[in-house]
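*Asks:* Here's a structure for you.
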Amino acid sequence: MAKSISCKDAGKNCSWSASTDSVEELMSLVTEHVLTEHKEIELNSENIANIKSLIKEE
Ligand SMILES: [Zn+2]
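At position 16 of the sequence shown the residue is numbered 28 (the numbering used here), and the sequence of numbers has no breaks.
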């Protein structure tokens, strides 16, 4: 099953989304995206846990 995530699900006004085969891969894409587009989001353990809770399996 593919793992997917989209910024819209996080309540962001952003059309970015990603889909990969593993959570690890997906989180590295999310990290890259947050660092370039959402610099206001601090990638602390709490926010990373929140982001992980938004991952969907398809
Ligand atoms: Zn975004």
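Even glycine gets a Cβ: it sits at the ideal position worked out from N, Cα and C.
May I ask you to report which of helix, strand or coil DSSP gives K51?
*Replies:* To locate residue 51, count along the sequence shown from 1; it is residue 39. If DSSP states are grouped into helix, strand and coil, K51 belongs with coil.
*Asks:* DSSP beta-bridge partners for T11?
*Replies:* With the chain represented from 13 up to 70, any question about residue 11 goes unanswered, as that position is not in the structure.
*Asks:* So is the beta-carbon of E49 under 8 Å away from any non-hydrogen atom of ligand 1?
*Replies:* Translated into the one-based positions of the sequence shown, residue 49 becomes position 37. Because some heavy atom of ligand 1 lies under 8 Å away, the Cβ of E49 counts as near it: yes.
*Asks:* Can you say whether L38 is buried or exposed, counting buried as having 16 or more other CB atoms within 10 angstroms of its CB?
*Replies:* Working through the sequence shown from its first residue, we reach residue 38 at position 26. Buried, by the Cβ-count rule.
*Asks:* Where do the N-terminal and C-terminal ends of the alpha helix (DSSP H) with I17 fall, by residue?
*Replies:* Start at 1 with the first residue of the sequence shown, and residue 17 comes out as number 5. Note, I17: premise wrong, no alpha helix (DSSP H); beta strand (DSSP E) at K15 to S18.
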